[in-house]
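Just so you know, the sequence shown maps onto residues 41 to 409 in the working numbering.
No residue lacks a Cβ here, since even glycine has one placed at the ideal position from N, Cα and C.
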Amino acid sequence: MMPPTATSAGSAPTTSSTLDDGAIHTRTLGASRLPLVIEPVSAEGRSVPALTAWIAENHTILRQKLTTHGALLFRGFAVGGAVDFERVARAVDPHLKNDYLGTSPRNALTDFVFSASELPPYYPIPQHCEMSFTRSPPSRLFFCCFVPSSGPGGETPLCDFRRVYADLDPEVRARFIARGVRNIRNYAGPEGGGRFDLWKLKRWDEMFLTTDRAKVEAACEANGFEPTWLPGGRLRLVNTQPAAKLHPETGEPTWFNHSQVFHLSAVEGEYRRIAARLGKPRYSVLARIAAAAVRVKRLGSPLDQAMHCTFGDGTPISDADMDQVRDAVWKNMVFVPWRKGDVVAIDNFAVSHGRMPYQGPRTVAVAWA
């Protein structure tokens, strides 16, 4: 199946002059307003101190632009590593955090900067707003590229989930809005063990950074997770979230849930669309392997899956409904090939991110606030 048309950000630029001055030039890429690109005019303006000073001077309008566009891409600046990245992210939002209850394995680079994902490079990461299933998701998300992939693939695509909400089939959207989404995750414990499972990403002690079950239970209560301790030191987490929310600043309805990540059909559905976009047979093969694995997994209970989701009332979400969601997402995805030193600031309440599979070296870091 060919995916709906996604936006490539390699076409001719359109200038946006509101922030332009003698030191900075801004533009959008192609037909999409996402992201707004911010570049230095001269070599003297490339330094991290010059950039952070400019951000401080223009903080109010930058905040407005971040809400309007959904993401800002700082490109052409001399951001050389994790410390520089943290300084830029902190200039945009000083309230960086380091609590992470997501599923992707990450390594710490500073107290507030982490590797974006330690998942194998062939594994697709579907579009999602960071930690949407927690009670207090980040408001801002930041990525920085230290080593860009040579391609094809390797992008961190962006997608305006306000547009996804608007473009979703009305009947499908109504089902999600009426019932919500129930997330199911099963984790191995410190003892490890368990059978090999492509959907099993890390242990619960790695996620909660403790082996103290009382502390785990307290974190679960704070985030609305229902914990169930299982034989072999395993932990099941179940929680229910709305399918959409209103943007806290604009009031716009936004698709805001993790179904397109957690549903059993996610990996196969992504690989099919990736194969169509890149024209690489290996991804068609991986789609067939994932589909076969899912057929086996569905012989078990939904509650026993490493990752899965249903409607909030426990009824299944059909693959057809999830394909409608993925169609709306892929229609609105924007692919911007990374350049070394790129920093992207994202409005996490409006814009999602993901990762295209890749081959060869690639190093991207993440921070959030």
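Thinking C-beta only, is residue j closer than 9 Å to residue i?
| i | j | result |
| --- | --- | --- |
| Cys260 | Trp378 | no |
| Arg276 | Leu343 | yes |
| Arg222 | Thr350 | yes |
| Arg202 | Gly110 | yes |
| Ser172 | Gln281 | yes |
| Arg115 | Glu79 | yes |
| Asp382 | Arg180 | no |
| Ala63 | Ala83 | no |
| Val406 | Phe265 | no |
| Val376 | Leu113 | yes |
| Arg225 | Ala333 | no |
| Ala390 | Glu292 | yes |
| Glu310 | Arg366 | yes |
| Arg395 | Glu195 | yes |
So if DSSP puts residue i in a beta bridge, which residue, or which two residues, is it bridged to?
| i | result |
| --- | --- |
| Phe154 | Ala148 and Val406 |
| Met373 | Cys199 |
| Glu79 | His65 |
| Arg225 | Leu277 and Met347 |
| Trp295 | Ala284 |
| Leu113 | Val77 and Val384 |
Within the same chain, show all residues whose beta-carbon is closer than 7 Å to that of residue i, passing over the 5 residues directly before and after it, in chain order.
| i | result |
| --- | --- |
| Ala331 | Glu308 |
| Ile217 | Ala283 and Ala284 |
| Val301 | Pro166 and His168 |
Please list, in chain order, all residues of the same chain as residue i whose beta carbon is under 8 Å from its beta carbon, the five residues on each side excluded.
| i | result |
| --- | --- |
| Asp207 | Ala368, Lys371 and Asn372 |
| Gly273 | Ala228, Gly229, Pro230, Glu231 and Gly233 |
| Ala118 | Arg86, Ser87, Val88, Asp124 and Gly381 |
| Glu246 | Pro145 |
| Leu249 | none |
Within 9 Å (strictly less), CB to CB, does residue i reach chain B?
| i | result |
| --- | --- |
| Ser176 | The structure shown has no chain B; it contains just one protein chain. |
Tell me whether residue i is buried or exposed, calling it buried when 16 or more other Cβ atoms sit within 10 Å of its Cβ.
| i | result |
| --- | --- |
| Pro75 | buried |
| Pro271 | exposed |
| Gly85 | buried |
| Ile413 | Residue 413 lies beyond the residue range present for the chain, which begins at 41 and ends at 409; the question has no answer from this structure. |
| Ile101 | exposed |
| His303 | buried |
| Gly400 | exposed |
| Asp133 | buried |
Give the DSSP-derived three-state secondary structure of residue i in the structure shown.
| i | result |
| --- | --- |
| Asn388 | coil |
| Ser57 | A caution first: Ser57 carries a pLDDT of 43, below 50, which makes its placement in the model unreliable, though a value can still be read off. If DSSP states are grouped into helix, strand and coil, Ser57 belongs with coil. |
| Glu266 | strand |
| Phe216 | helix |
| His393 | strand |
| Val187 | strand |
| Gly309 | helix |
| Lys105 | helix |
| Gly352 | coil |
| Tyr398 | coil |
Can you give me the Cβ contacts of residue i inside the same chain, cut-off strictly under 6 Å, excluding the 5 residues immediately before and after it?
| i | result |
| --- | --- |
| Asp209 | Gln364 |
| Pro192 | Leu318 |
| Ser305 | Asp359 and Met362 |
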